[in-house]
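Visitor:
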Amino acid sequence: MKKDTAIVSIFVFSIFSFQQFLHVSSSSLLYANQVYKESSGESNLKQEQEHAPEVRCSRERSRAASKVIDEYLTPFVEKENYQLSRKCRLHPENDMFRDQEEHKIYIDRYEWRCGYCKKSFREEKFIDQHFDNRHYNLLNLSDDKCLADLCGALHCDAVMNSKSSRNKCNPAAAARNRHLCESLADSCFPVSEGPSASRLHELFLHQFCDAHTCSGKHKPFSRGGKDQGGFFRLAVGALILVLLPVFYLFLYLVQSDMNGRTQELRRISKAGWKSKPS
Ligand SMILES: [Zn+2]
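Sequence positions in the sequence shown follow UniProt numbering and run 1 to 278.
#1: Name the DSSP beta bridge partners of E111, please?
#2: If you run the structure through DSSP and keep just helix, strand and coil, what is F97?
#3: So does the segment 168-183 actually touch the segment 140-155, counting three or more Cβ pairs closer than 8 Å?
#4: Compare the beta carbon distance of R113 and S120 with 9 Å and say whether it is the shorter of the two.
#5: List the DSSP bridge partners of S120.
#6: Using only the alpha-carbon positions, how far apart do P245 and Q255 sit?
#7: Are the CB atoms of Y72 and K217 nearer to each other than 9 Å?
#8: With ligand 1 as the reference, list in chain order each residue whose Cβ lies under 6 Å from any of its heavy atoms.
#9: If we count the other Cβ atoms within 10 Å of its Cβ and call it buried at 16 or more, is Q188 buried or exposed?
#10: So does the segment 75-84 actually touch the segment 98-109, counting three or more Cβ pairs closer than 8 Å?
#11: For C169, which residues in the same chain have their Cβ closer than 7 Å to its Cβ, ignoring the five residues on either side in sequence?
#12: Note the first and the last residue of the continuous alpha helix (DSSP H) segment covering D157.
#13: Spatial neighbours of K37 within its chain, please: C-beta separation below 6 Å, excluding the five flanking residues on both sides.
#14: Under the three-state reduction of DSSP, which class applies to D210: helix, strand or coil?
#15: Which runs of the beta strand (DSSP E) at least 3 residues long sit entirely within the segment 177-207? Give them in chain order.
#16: Three or more beta-carbon pairs under 8 Å between the segment 92-99 and the segment 54-65, yes or no?
#17: Is it buried or exposed for L139, if we count other Cβ within 10 angstroms and need 16 for buried?
#18: So, with DSSP's three-state summary, where would you put R89?
#19: Put Q263 into one of helix, strand or coil per three-state DSSP.
#20: Out of curiosity, what's the CA-to-CA distance linking S40 and H130?
#21: Going by beta carbon distance, what residues of the same chain come within less than 8 Å of L190, once the five residues before and after it are set aside?
#22: Could you tell me the distance, in whole angstroms, from the CA atom of A173 to the CA atom of L243?
#23: Counting only the same chain and skipping the five closest in sequence on each side, list residues whose C-beta sits under 6 Å from that of A185.
#24: For S66, is the classification buried or exposed, using 16 other Cβ atoms within 10 angstroms of its Cβ as the cut-off for buried?
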């Protein structure tokens, strides 16, 4: 009997210890697995930071395109109180760099600050590199979000002061750009949408598309832009500032001349009174 209980207790004990062993080993396996996962995740992250994906869209040219839109199209769109559709490639949401560019804080000529991590940089190109390496995950890499692709239609070279704008005109390239330009006009300002859209459609053709010829007859941005209005107001202000003192000087001279004449008249009349009684 004692022998039986001893065998049973040894059996139970061995099962229990086996279970314990299984539990410990499985948990340690789990732990090891977790550590492996974490470390591999970390190394993936590091790898990602070291090898940011290649973005086939020029940040500099996208910035130039955005500048052209802001200066030569947005003032007219705002004047018409027109809402660009998201299907229009000129819509601000369709610029993959927009969010990053909005997080670029300009302090002064030698200081740029990253709006995401507050790091400072001496030059714009360094903060651009920082965005490329550290914050590329914030780029919207979906299709048709590269504003630089529209540079041909939008005359980016004209605002970038690059030499390519002075190169000999290529009729095939001009025709291609004109086609892209007209398709932008059609998709962003469909004439069927009403008078505002048709006015903007026509403006877009004159402002951007007419100049895509090799005849040299038409210049881009023929309808003017934001800067010209500002320049005009500045010129009028300066003219007023110069003319105002001249006007007061003129008034002063006229006044003093009149005073001089009245005094002279008084003297003459007094002399007349004195000579009369004799
Ligand atoms: Zn940053």
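Glycine included, each C-beta is placed from N, C-alpha and C at the ideal position.
Guide: In terms of the structure at hand:
#1: Taking the sequence shown and counting its residues from 1, the one referred to as residue 111 is at position 111. Paired residue(s): D108.
#2: By 1-based counting over the sequence shown, the position of residue 97 is 97. F97: coil per DSSP, three-state reduction.
#3: yes
#4: Taking the first residue of the sequence shown as 1, we reach residue 113 at position 113. Taking the first residue of the sequence shown as 1, we reach residue 120 at position 120. Yes, the pair counts as a contact, with Cβ atoms nearer than the cut-off.
#5: The residue you call residue 120 lines up with position 120 of the sequence shown. Looking at the DSSP output, S120 sits in a beta bridge with R113.
#6: The residue given as residue 245 occupies position 245 in the sequence shown. The residue given as residue 255 occupies position 255 in the sequence shown. Cα to Cα, the separation comes out at about 15 Å.
#7: In the sequence shown, the residue the question calls residue 72 occupies position 72. In the sequence shown, the residue the question calls residue 217 occupies position 217. Not in contact: Y72 and K217 (Cβ atoms no closer than 9 Å).
#8: C114, Y116, C117, K119, H130, R134, H135
#9: On the sequence shown, residue 188 is found 188 positions in, with the first residue counted as 1. Note on identity: in this sequence residue 188 is Cys, with Gln being the wrong assignment. Buried: at least 16 other Cβ atoms inside 10 Å.
#10: In short, these stretches do not touch, since the Cβ pair count stays below three.
#11: For the purposes of this step, residue 169 is taken as the residue at position 169 of the sequence shown. Within its own chain, the residues whose Cβ lies closer than 7 Å to the Cβ of C169, once the five positions on either side in sequence are excluded, are C214, listed in chain order.
#12: Residue numbering aside, residue 157 sits at position 157 when the sequence shown is read from its first letter. Boundaries of the alpha helix (DSSP H) around D157: 156-160.
#13: Here residue 37 is taken as the residue at index 37 of the sequence shown, counted from 1. With a pLDDT of 36 at K37, under the threshold of 50, the predicted position of this residue should be treated as unreliable, though the coordinate-derived value follows. Around K37: no qualifying Cβ.
#14: The residue you call residue 210 lines up with position 210 of the sequence shown. Coil, per DSSP.
#15: none
#16: yes
#17: Taking the sequence shown and counting its residues from 1, one reaches residue 139 at position 139. Buried, since its Cβ has 16 or more Cβ neighbours within 10 Å.
#18: Counted from its first residue, the sequence shown places residue 89 at position 89. Three-state result, R89: coil.
#19: Here the question's residue 263 lines up with position 263 in the sequence shown. Looking at Q263 - three-state DSSP - the assignment turns out to be helix.
#20: As a position in the sequence shown, residue 40 is number 40, starting the count at 1. As a position in the sequence shown, residue 130 is number 130, starting the count at 1. Low per-residue confidence applies at S40: pLDDT is 38, beneath 50, and the placement is therefore not dependable enough to give any value.
#21: Taking the first residue of the sequence shown as position 1, residue 190 is located at position 190. Reading off the sequence, residue 190 comes out as Pro, not Leu. Counting only Cβ-Cβ distances below 8 Å, and skipping sequence neighbours, we find A197, H201.
#22: Position 173 of the sequence shown, counted from the first residue, corresponds to residue 173. Position 243 of the sequence shown, counted from the first residue, corresponds to residue 243. Those two C-alpha atoms are separated by around 50 Å.
#23: Within the sequence shown, residue 185 is the residue found at index 185, counting from 1. Excluding positions up to five away in sequence, the list reads H201, F204, L205.
#24: If you number the sequence shown from 1, residue 66 lands on position 66. Residue burial annotation: S66 is buried, with at least 16 other C-beta atoms found within 10 angstroms of its C-beta.
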